[in-house]
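Undergrad:
Chains as they are written, first to last, in this note's numbering: chain U, 11 to 362; chain H, 11 to 362.
Shown next as C-alpha cells:
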C-alpha cells in the first residue's frame, strides 16, 4: 500500500496527492512552512494524515531553534500550533494533534531546548504509530457490520492515503475483503477535488477490490435501482451530540440513504470527536476557492473565467441520519448522542 | 441570445455545444449522418433542440433522393426515422418529432418525391417556430410561480441552447428577470458533461442574471443553509402518471427538495409527455461511455485508464416529488397523474 507520508530522520516525505494517480511525485517537507503549504494545498489530505503531518510540522518548526532560548521555546511552539491549525479549519484531528502535543509539552516543564525538540519528534512518531493501530481497531470493529457480498457506496478517500494505516472507512473495506466477504465498492468521484476518482478508485484497484466509479449526482439513482447495501464514509469532526462534519456531499448521501432505507455508517478514530461542540452549527466550515470548481485540478476549465462559485469543503450530517459510528474503541449505535457520552466516560477521555 | 441551431436554406448550422463556452465553433450539418453524429456526440443537446435537429435531419436524409423513386420514398423516410431515434433513446421529443412528421407524411399520400421533400422541410421549420412559441408559453405560465427575489436552483441546461426559443426552466428565469423579479440562480455543474457549468452559467451571465456555480453534491448543504427557495428543472420524457425522466442528478435534487420542504418544479413542452407510458420503469435510460466520467470533456483524466464506471445519462423522478409541471398549455399541479389526464383531454391530443 502506498503510504501518505514517511519520516526520513530529519524531514517528512509525502506523496503529492494532487498528482495521483497519474504521477507519483514525492515532496520532502523540511520546514513548518512546507508543512503548512502541503496541508493547505491538499498535497496531504484526510483527517488523520493531516493531524500526523501537523505533528511532524511542530517538530520541524523548532528543529533549528537556538538551544539557549529555552524561555521562548514554549511560546514559539504555541505560535506554530496556531499557524498549523489555520491551514484547514474543519478537520479537528489537526487541532487535536497539535493541541494535545503542546499541552503535554507544557506539563512536561522541560529544562532544555533539546529535550523539548526530542519530545516533539517522539510525539509525532507516536501519533503516527498510534494511527496505524487505530485504523486496525476501526477495521476490526467495522467488519462485522459488512454483509457477505455487500455493495458499498463510499465518498472521498478514507484509505491508506488518508491515514497512518489502512484507513478508516476504506480500512473496513480492506479488512472485509481480506476476510473473504467479496465486497464491491461504488466510489463517488467527489467533486471538486475528485479524491474518490483519483485516490479511492486507485487504492481499491491496487488492492484487487472491484470498484465502480460514479459521479456524485448518480448516487440517488444507484440507490433507487437497489444497487447499494450500505453507505460507509469517514469524518473530519464529530460533535458530542453526533453531528458529523465530512467531505462535502456526505450530507447529501445521508439524506438519500435515509430515504432509501439504506444503513449509513461513519468510520473515524476517537480523535475525530470534538467533545466541546454540541451542535453541527458550531463546526467551522472551510470555504475554498472558486478555482477548484471552475478549473478542474487546475487542468480543465469548465466555466467562464469570471464565474462565481460556492465551494464549502465540508458539510454536516445530523445524528438522526447516522446508523452507527465505527471507532477503534467500539461501535456507537443510536441513540448516538447518549452513546457518545457513555463511550467518553468509559474511555476517561480528558482531551477536549 | 446564442441560438443552438439555424437553418441555412440547404443545411443546418449548429453551434458545437461540446466546445462552449470557451470556443464558438459552428458546425454545418449537410447529411443525416452529420445530424445523427451531432445528436449522439451531444454537439446539440437539450430535449427540444434534439427534436428539431432530428426533424431537419429527416429532410437532409432525402434531400438528394431520386425523384423517380416515389414508391421507395416513404420507406426511406421510415428507415431514417428509426436511425435518428437511435441516437438518444431517452429524450422523447426526438421520437415525437420524427414520428409525428412521418405519420403526417404517410397520411398525406404524396404523389411525387419533390412534394414529400418540401413537406419534410416545412414540418421541420414549423417545429422550430413552434418550439419558440412553446417556450414563450411555458415562461408565461411559469413566471407567476416565481417569488420576488427568488433563489432558484437549477440543473443541466434548459435555455436558448436547449430549445428553439428562450428555453424551458431557464426560459421562465429569463422572463422572471425581465419582469423585474430580481432572481438569483444556483447552477449545478451537472456532471459528467457539465452542461450547468459550461452552458447555463454562460447563458445567465450573458443575460445579466446573477448566477453561482456549485458542484452537484453541494445542493443538499445549500438547501440546508436555507439558500434555495425553489428548484426548477427541465424534462426529457414525462409519463402519463407524471414520472419525469431528466438529466442524471434530477432525482437526487427532487429527494433533497422534498426533504427540505422546497418546491420542485419541472418545465417542459407538451411534446415531452409520453402518454403511452405509465410508470418510470417503462422509460429506457441511456447509459453512456465511462470515458465521459473518467476523462472530463476529453481534456482531463481523473481516474486510472482501466476504471469501470456506471454512467446513466438520465434518472426518473416519481410524481410524488414534483410540486408542479409547467407546460405551454398550463401548469399541472398535484395530483399530477389525474391532472395530466385532464390536460390531455382538454387538448384533444391525438399523438402518442
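From the three backbone atoms N, C-alpha and C, an ideal C-beta is built for every residue, glycine too. A quick note: this is a predicted structure, and the numbers were derived from the prediction, not measured.
What does the Cβ neighbour count give for residue 236 of chain U, buried or exposed, with the cut at 16 atoms within 10 Å?
TA: Counting Cβ neighbours within 10 Å, residue 236 of chain U comes out exposed, since fewer than 16 surround it.
Undergrad: Does any residue of chain H bring its CB to less than 8 Å from the CB of residue 318 of chain U?
TA: True, the Cβ-Cβ gap to chain H drops below 8 Å.
Undergrad: Using the beta-carbon count (16 or more within 10 Å), is residue 116 of chain U buried or exposed?
TA: Under this definition residue 116 of chain U is an exposed residue.
Undergrad: Please name the residue in U/70, U/318, U/327 and U/354 whose C-alpha comes closest to that of residue 258 of chain U.
TA: Residue 258 of chain U has its Cα closest to that of U/327, out of U/70, U/318, U/327 and U/354.
Undergrad: Could you name the residues of the same chain whose beta carbon sits closer than 7 Å to that of residue 118 of chain H, not counting the 5 residues immediately before and after it, in chain order?
TA: The residues are 129.
Undergrad: I believe residue 351 of chain U touches residue 293 of chain U by the beta-carbon criterion, under 8 Å. Please report the beta-carbon distance rounded to the nearest angstrom.
TA: Incorrect: roughly 18 Å between the Cβ atoms, too far for contact.
Undergrad: Do the region 143 to 153 of chain H and the region 99 to 118 of chain H meet, that is, are 3 or more Cβ pairs less than 8 Å apart?
TA: With a cut-off of 8 Å, the region 99 to 118 of chain H and the region 143 to 153 of chain H do not count as touching, because too few Cβ pairs lie within range.
Undergrad: Just confirm the distance between the C-beta atoms of residue 75 of chain H and residue 86 of chain H, as a whole number of angstroms; I'd bet it's less than 8 Å.
TA: About 6 Å; that satisfies the 8 Å criterion.
Undergrad: For a contact defined as C-beta to C-beta under 8 Å, what are the partners of residue 133 of chain H on chain U?
TA: Within 8 Å Cβ-Cβ: nothing; residue 133 of chain H doesn't reach chain U, min ~35 Å.
Undergrad: In this structure, how does DSSP classify residue 338 of chain H when only helix, strand and coil are distinguished?
TA: Three-state result, residue 338 of chain H: coil.
Undergrad: For residue 121 of chain U, count neighbouring C-beta atoms within 10 Å of its own C-beta (all shown protein chains included) and say buried if the count is 16 or more, exposed if not.
TA: Exposed: under 16 other Cβ atoms inside 10 Å.
Undergrad: Applying a beta-carbon distance threshold of less than 8 Å, which residues of chain U neighbour residue 223 of chain H?
TA: Neighbours of residue 223 of chain H on chain U, chain order: 300, 303, 304, 313, 317, 318, 319 and 320.
Undergrad: Could you give the distance in angstroms between the alpha-carbon of residue 194 of chain U and the alpha-carbon of residue 286 of chain H?
TA: Each residue's Cα considered, the two are about 37 Å apart.
Undergrad: At a CB-CB cut-off below 7 Å, which residues of chain H make contact with residue 215 of chain U?
TA: The answer, in chain order, is 314.
Undergrad: Could you list which residues in chain H have their beta carbon closer than 8 Å to that of residue 199 of chain U, in chain order?
TA: Here the neighbours are 201, 303, 312 and 313.
Undergrad: Which value, in whole angstroms, describes the spacing of the CA atoms of residue 58 of chain U and residue 276 of chain H?
TA: Between residue 58 of chain U and residue 276 of chain H, the C-alpha separation is close to 43 Å.
Undergrad: According to DSSP, simplified to helix, strand and coil, what is residue 243 of chain U?
TA: Strand.
Undergrad: Leaving out five residues before and five after residue 304 of chain U in sequence, what residues of the same chain have Cβ atoms less than 7 Å from its Cβ?
TA: The answer, listed in chain order, is 311, 312, 313, 317 and 319.
Undergrad: Please report the distance separating the alpha-carbon of residue 91 of chain U from that of residue 126 of chain U.
TA: Rounded to whole angstroms, residue 91 of chain U to residue 126 of chain U spans 15 Å at the Cα level.
Undergrad: Considering only residues of the same chain and omitting the five flanking positions on each side of residue 346 of chain H, which have a CB-CB separation below 7 Å?
TA: So the qualifying residues of the chain are 252, 329, 332 and 335.
Undergrad: Check whether the Cβ atoms of residue 93 of chain H and residue 134 of chain H lie closer than 8 Å to each other.
TA: Taking 8 Å as the Cβ cut-off, residue 93 of chain H and residue 134 of chain H do not qualify as a contacting pair.
Undergrad: CA-CA distance, residue 243 of chain U and residue 139 of chain U?
TA: Cα to Cα, the separation comes out at about 23 Å.
Undergrad: Per DSSP, what are the beta-bridge partners of residue 306 of chain U in this structure?
TA: Answer by DSSP bridge pairing, in chain order: U/310.
Undergrad: Skipping 5 residues on each side, what residues in its chain have a beta carbon closer than 7 Å to that of residue 13 of chain U?
TA: Correct list, in chain order: 170.
Undergrad: If we define contact as Cβ-Cβ less than 8 Å, is residue 4 of chain H a contact residue for chain U?
TA: Nothing can be reported for residue 4 of chain H: it is not among the residues displayed for chain H, which extend from 11 to 362.
Undergrad: Using a Cβ cut-off of 9 Å, pull out every chain U residue sitting near residue 159 of chain H, in sequence order please.
TA: Going along chain U, no residue has its Cβ under 9 Å from residue 159 of chain H, so there is no contact; the nearest lies around 17 Å.
Undergrad: Please work out which residues of its chain come closer than 7 Å, Cβ to Cβ, to residue 95 of chain U, disregarding the five sequence neighbours upstream and downstream, and give them in chain order.
TA: 104, 105 and 108.
Undergrad: Measure the alpha-carbon distance for residue 184 of chain U versus residue 55 of chain U and round it to whole angstroms.
TA: Each residue's alpha carbon lies about 20 Å from the other.
Undergrad: Is it right to say residue 355 of chain U is buried, meaning 16 or more other beta carbons lie within 10 angstroms of its own, or is it exposed?
TA: The residue is exposed, with fewer than 16 neighbouring Cβ atoms inside 10 Å.
Undergrad: Could you tell me whether any Cβ in chain U is nearer than 8 Å to the Cβ of residue 34 of chain H?
TA: Output row for residue 34 of chain H: interface = no.
Undergrad: For residue 16 of chain U, which option in U/30, U/189, U/137 and U/114 has the closest C-alpha, if you only look at C-alpha atoms?
TA: The residue with the shortest Cα to Cα distance from residue 16 of chain U is U/137.
Undergrad: Determine the closest residue to residue 4 of chain U out of U/232, U/192 and U/280, with distance taken between C-alpha atoms.
TA: Lying outside 11 to 362, the shown extent of chain U, residue 4 of chain U is not represented and no answer is given.
Undergrad: Mind listing the chain H neighbours of residue 273 of chain U? Cutoff is C-beta to C-beta under 7 Å, in chain order.
TA: Simply none; closest approach about 17 Å.
Undergrad: Does the beta-carbon distance from residue 22 of chain H to residue 63 of chain H come in below 8 Å?
TA: Yes, they are a contact pair.
Undergrad: Using a Cβ cut-off of 8 Å (strictly closer), state whether residue 17 of chain H contacts chain U.
TA: No, residue 17 of chain H lies away from the interface with chain U (no Cβ there is under 8 Å from its Cβ).
Undergrad: Please confirm if residue 204 of chain H has its CB atom under 8 Å from at least one CB of chain U.
TA: Closer than 8 Å to some Cβ of chain U, the Cβ of residue 204 of chain H qualifies, so yes.
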